Each structure stands twice: as C-alpha cells, then as structure tokens.
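Number of protein chains: 2
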Amino acid sequence: MAQSIRGGIDLGGTKIQTVIVDESQKVLGSARAATPTGGGPADVAAAMAGALREATKAAGLKDTAALAGIGVGSPGAVDEKAGTVSGAGNLPDWAGTFPLGPTLSKDLGVPVAIGNDVQVATDAELLLGAGREVSSLIGVFWGTGVGSGIMLDRRPWLGRGAAGELGHTVIKLGGARCPCGRRGCVEAYAGRGALEARARKRDSEGKATDLFKLMEKHDRTRLTSSIWARALDQKDGLARELIDDAIEALGAGIASAINLLDLEMVVIGGGLGVRLGQPYVERIELAMRPHLFVDDRPPDVRLAELGDLGGAIGAALLVDKTLH
Amino acid sequence: MAQSIRGGIDLGGTKIQTVIVDESQKVLGSARAATPTGGGPADVAAAMAGALREATKAAGLKDTAALAGIGVGSPGAVDEKAGTVSGAGNLPDWAGTFPLGPTLSKDLGVPVAIGNDVQVATDAELLLGAGREVSSLIGVFWGTGVGSGIMLDRRPWLGRGAAGELGHTVIKLGGARCPCGRRGCVEAYAGRGALEARARKRDSEGKATDLFKLMEKHDRTRLTSSIWARALDQKDGLARELIDDAIEALGAGIASAINLLDLEMVVIGGGLGVRLGQPYVERIELAMRPHLFVDDRPPDVRLAELGDLGGAIGAALLVDKTLH
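If you read the sequences in order, they're chains X and P. In our numbering, each number is its position in the first sequence, counted from 1, plus 25. In our numbering, each number is its position in the second sequence, counted from 1, plus 25.
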C-alpha cells in the first residue's frame, strides 16, 4: 500500500492544484481550479474534490476509488490527527475550524491526510527537488502570502507547531501595514495580496498602470501571478516599482533568516516565485547580499525545481507518511 | 577527570570574566579584568591569563596547575580543534588568526578548550540557568554587540558554523549604519558599541546629556553598562531615548526570530541585559508583542539566571566536553 497511486491537493489562496502520482512520485495527471472567493469552507472543499476528480480522469483512472489515499497541503493551523483546518485567513469565511479531511474523505471515498501547505512543499523540494543534496534549507513560498518551511539536518523544524513565518519578519519598523494587521512585515511588501492592495491604492490615486487593464483583458478578478508577469514584461512602471519593493523586502527577510540559521540553501517557490522564475530568483539573491553577515559563502539560492506542482506532490507524500 | 575543578574565561569586548568551578559547577572564585583596548591578541591573552590566576587565588587554590583544564568563550570565528580565533572585530588588532588556546595553555600550564562565547553562555543557561526545563530557546546577549545562541531539542544549532547572528537581523531597511558596515541591523540600534557612537554624535551636536560626565566621574573611558544604568536611573533624556530605540530594535528582531522558529523561551543576557535586569527584560517582552505572528502564546522571556558569570561558567563546561 505504501507504494501505490495517490492524489495530492495544494490548497492556495488563489488556486487549487491537484495531482495524481505513482509510486515513484511521477505525475500521472493534474488539474487546477480557482479557489472560491465567496461561500465558505464547504464550497472550498467541493472545489477541491472537483479538481481532484479531474486530475484522476486526466491520469486515466476510472475514479478516485483507485487511489490509496489523498494528501492535502493547507494554509492555516492544521490538526493532522483530526483532519481539521482553522484560521485560514486567505480563504473565504474560514476563521473558525472546519473538518476538511473528513469532508473530503466522505466525498471522495478514500482516506485523506492533511498537512501544512508550506511544509509539504518544502518536504517535496528537499526529497525530490532543488534540495536533494543539502542538509539544511529554507523553502520560501512567494504567493498570496509569504510562507516558509525550514529543514534542519533534513528534518522539518516546526517549533511549537507554527514555525516558518518568514513573511512576518519585520524588515521595516513602522513600515507598511501587513494583511496580518501588523506593520513592516516582509509580506506587507511582497505578498500578492498586499501587492494587489498597494496597486489598487496607487491606481485609485491616479498612478498610470496597465495592471488592471491586463487583469480585465485576461478575464481575471485578481492580479494573478500571470498578470504581474505580463505587466513586468511590458515594463509597466507601477508593477516594476512594487515588485522592486517586494524583492528588497524578500532579500532582507531571507538574509536575516540566513544570519540567524546559517543554512546551506534557499529555495524560492510559490505562485509568484515560480511564475517569475529564475531571473527573479537571481534578483532576490542579489537583494540578500548586502545584508548577509557572513558574506564570503552565501547560501545557494535556487528556484523550486518542482515548480507549480511541488505543493501538490508534497501533499501526496503525506499519504505514505500519515495514513500507512 | 571529568568531575574536577576547572577554569572558565568569558572574553568580551569590554571585560574579561573568569571563574573557577567545582564538579557541580559551583563557583569557587572569580575575577574580572578590563579587555585591553590597545595592543593586540597577545596582550589580550596576557590579560586573560592574569584574570584567571586571580580567580584561582580567590578560589583558595595554590596555582593553575590544580585545574583539570580551562575553557574559553571567545568572540570571532573559533576553530575548536586548532584553538585559534579569527576576525574578532571588537578586540584590538584581531582581524587575523591568533592561536589563543595554545598561547594560554603554555602560559597557564593546563589544557585549554575554546568555543564561541555566545554559544557557551547559551549552553550554560540551558543546562544550569533559565532554560533548564524547556527544549528550545534563543539566548540573546545584549552587550558590546548583540549575539545569540539557538538551542533546538536541547542541542545547539550552529548551521554551517556561523548561526546566531540575531544582531544582524534587518529591522529597518535603509536604517542606521551598523558597526558591521551594513544598515538597519538590530545591533545598529542596540549594541553598546553602536549606542556609544550614537551618544557621542548627539553629544557633539549639542544634545544635553550626563552620559559622558558620568563616564568621567566613574573613571571610565567607555560608556559601560553601569554608566548606561546610572544615566537611566537619573532619567537622562538622551540615554532614555537611545535605550528606547534599542529595546524597540531588540523587540522586533527577537519577535522575527520567534515568528521563524516558534521557540519556547527567550533568555536575555549580556553585559547590558544583565546590568539593566528584569524591568528591561519586561520592556523587551512588551516590545516583541506587536510583532508576534502567533500572539496568543508568546514565548517565555527571562533574564539570564547565571547573570554576568554565565559565559565563564559555560566556558568551563567546555573542558569536560572537549578535553576529556
């Protein structure tokens, strides 16, 4: 059973990514859905189940009963035993606790294991991706928010359960308001949620930008990673300015983490990180440099090798770890 | 041999603290000397040997031959095997590599083990001090600089050898110049070296302060921790303003470390930390609060229990670990 076909679901603030993988973690099929922006946890769970069924079909399987289990990487506070998720602030009406595991398991008819979204994506990069040959790394997931997973001696460091909040490193005392309510966090400058809020404010103040025209043209309701990438490609002034600030904030925050932990590698993933890709990973690396205390042997800074699918593949790894 | 009388030396940027401890780490004698501000590493080593001899006498021992060994906690990059120290920037003319262990061993006639000053002080707090009952903590040493030692699952986390540079967490992008040459680090606001430079600048610009009068009155050439404490006691405006900034910087930097690592405890030590004591530990705790991402279960924040002697006691612990 530990070597069978499994499903993985990466639940993000913007999209739901699903995969079906075989015993060697090869992706047999995948599907993606937009994360519902309204409704509540039950609607999100229904969208997740729908996307997983699509991936099952794409993998050439008859139905989800063919799966040994499904793993889910979720934001918020995850109770792995109970299968519940609490306080997932970037998801609609999800301040309380919702039994995501039991709900999906009932819907899809197979066992479901839940873990932290960022940690499962970091696990996947360490086991199968950019971090295969190092013993310590931080995975930085630059998306709707900025999360991180820390691996020390090839094991996750979770602290009292909530480690990895690199996005809430203070890089500017008294600085910009963060979606978390505090001031001057990395995420206040770099999270896609905060970036969109800043762009909307500047746009409403009359700053010229094509960001929102591009959004409408491509039939989106949010500034997705693709919209940012397109705006940067066409040298949109506001997009460049805000992404410059984001990179500066990420560079300072990641360098501070390296000064504290002296890790071998930084892996950059997440929706924005993966979409903007290698040139922006190099810009983050350059932005770290001025702040590194030991500056003659900087850590290796790499793009997440598993790309967009890393979170879902990492989630699928939970099946063997947790359910068997 | 592992249960015998040992010496410990804590080499700081301002003072050299020595102790003689028995098998249960009880302090039998201690002595302190000012760290030479001129000369070079050989002069510092001679001052260390002199202070250790004094402590030996204070312990009622005939001479250092009665010791099983001596441990040294040193700033800079320590090569434990070779007994060398390199790049100790806060010590006079110590940019290169000096064989501190062999030099002291030859002078004092007993084996000498060398470790990182901050790490040995953190070890001592975990084993014998405030951290006896927790499994993870960060020891923050607020003195000439701001250093830290990290204990995870009751073991030191050293990274690639240089972990613990909490003092170089960036808390204000583009902020004050740090003694390390970078900008906006915690130490740029909180280190005693930086505090003195800021005070001198403000004094030369005509800002009213008694800091330098107190320094002369007490026959010092630097703004020592005691001078800062006296100035604060008499409500000196500049001293209060600069220490307020220092506490704000420490609060943001420590909170960022907690957001990243979710540790159980913060132990505040170091020359300034110990001299200013519990009321200032409480102020640091309050300054952390607004930045803690998980704010309903903050870490325990404690004053170093071993006080001024923690570094030297921790250094003495090296003898059993390293030499036997």
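Backbone N, C-alpha and C define an ideal beta-carbon position, used for all residues, glycine too. Bear in mind the structure is a predicted one, so any value in this text is a computation, not a measurement.
Asked: Minimum Cβ-Cβ distance from G184 of chain P to chain X less than 7 Å; Found: yes
Asked: CB contact check: S229 of chain X to chain P, cutoff 7 Å; Found: no
Asked: Chain P within 7 Å of F166 of chain X, Cβ atoms only; Found: no
Asked: Neighbour flag for I196 of chain P against chain X, beta carbons, 7 Å; Found: yes
Asked: Short Cβ contact (7 Å threshold) for G298 of chain X with W167 of chain X; Found: yes
Asked: Integer-rounded CB distance, given that M290 of chain X should sit under 8 Å from G156 of chain X; Found: 6 Å
Asked: Chain-order list of residues whose beta-carbon lies under 6 Å from that of D178 of chain P (same chain, five-residue window excluded); Found: S160
Asked: Endpoints, beta strand (DSSP E) assigned at G33 of chain X; Found: R31 to L36
Asked: Pairwise C-alpha distance: A146 of chain P and A138 of chain P; Found: 15 Å
Asked: 7 Å Cβ cutoff, G38 of chain X in contact with chain P; Found: no
Asked: L275 of chain X, buried or exposed, once every other Cβ within 10 Å from all chains shown has been counted against 16; Found: buried
Asked: Contact list for the segment 317-348 of chain X against chain P, Cβ threshold 8 Å; Found: F318, V319 and R322
Asked: First through last residue of the alpha helix (DSSP H) which encompasses A155 of chain P; Found: Segment: none, A155 of chain P is in no alpha helix (DSSP H) and carries neither H nor E.
Asked: H316 of chain X burial status per 10 Å Cβ neighbour count (16 or more: buried); Found: buried
Asked: Coarse secondary structure for L53 of chain P, derived from DSSP in three states; Found: strand
Asked: Alpha-carbon to alpha-carbon, A59 of chain P and F237 of chain P; Found: 19 Å
Asked: Segment contact, 8 Å Cβ cut-off, at least three pairs: the segment 108-128 of chain P with the segment 258-268 of chain P; Found: no
Asked: is_contact[A187 of chain P, chain X] using C-beta, thresh 7 Å; Found: yes
Asked: Run of the beta strand (DSSP E) containing W253 of chain P, from where it starts to where it stops; Found: Looking at the DSSP string, W253 of chain P is not in any beta strand (DSSP E); the run it does join, the alpha helix (DSSP H), is S250 to D258.
Asked: Test: L275 of chain P CB closer than 7 Å to a CB of chain X; Found: no
Asked: Own chain residues within Cβ distance below 8 Å of V211 of chain X, not counting five before or after; Found: V171, L191, G192, H193, T194, I196, A274, L275, A277 and G278
Asked: CB contact below 7 Å: M26 of chain X versus chain P; Found: Confidence at M26 of chain X is low in this model, with a pLDDT of 43, below 50, so its placement is unreliable and no value can be given for it.
Asked: Closer than 7 Å to chain P by CB, E212 of chain X; Found: no
Asked: Residue nearest to L152 of chain X in terms of C-alpha spacing, selected from X:L348, X:D333 and X:A329; Found: X:A329
Asked: Short Cβ contact (7 Å threshold) for V306 of chain P with E150 of chain P; Found: no
Asked: Simplified DSSP assignment, three categories, for M26 of chain P; Found: Caution applies to M26 of chain P, whose pLDDT of 43 falls short of 50 and renders its modelled position unreliable; the value that the coordinates give is listed next. Of the three classes helix, strand and coil, the one that applies to M26 of chain P here is coil, per DSSP.
Asked: Backbone secondary structure at V44 of chain X - three-state DSSP; Found: strand
Asked: DSSP state of L331 of chain P mapped onto helix, strand, coil; Found: coil
Asked: Collapsed DSSP secondary structure at S161 of chain P in the structure displayed; Found: coil
Asked: Closest residue to D148 of chain X among X:R207, X:P181, X:A280 and X:G121 (Cα-Cα distance); Found: X:P181
Asked: Contact check, L248 of chain X vs E221 of chain X, beta carbons under 7 Å; Found: yes
Asked: Buried/exposed call for Q303 of chain P, threshold 16 Cβ in 10 Å; Found: exposed
Asked: Distance CB(K82 of chain P)-CB(R57 of chain P) smaller than 7 Å; Found: no
Asked: Candidates X:I163, X:T89 and X:G121: closest to S281 of chain X by CA position; Found: X:I163
Asked: Nearest-angstrom Cα separation, counted from A93 of chain P out to M26 of chain P; Found: Low local confidence applies: a pLDDT of 43 at M26 of chain P is under 50, so the model's placement there is unreliable, with the coordinate-based value given in what follows. Looking at the two C-alpha atoms, the distance is approximately 7 Å.
Asked: According to DSSP, residues forming a beta bridge with K197 of chain X; Found: P:K197
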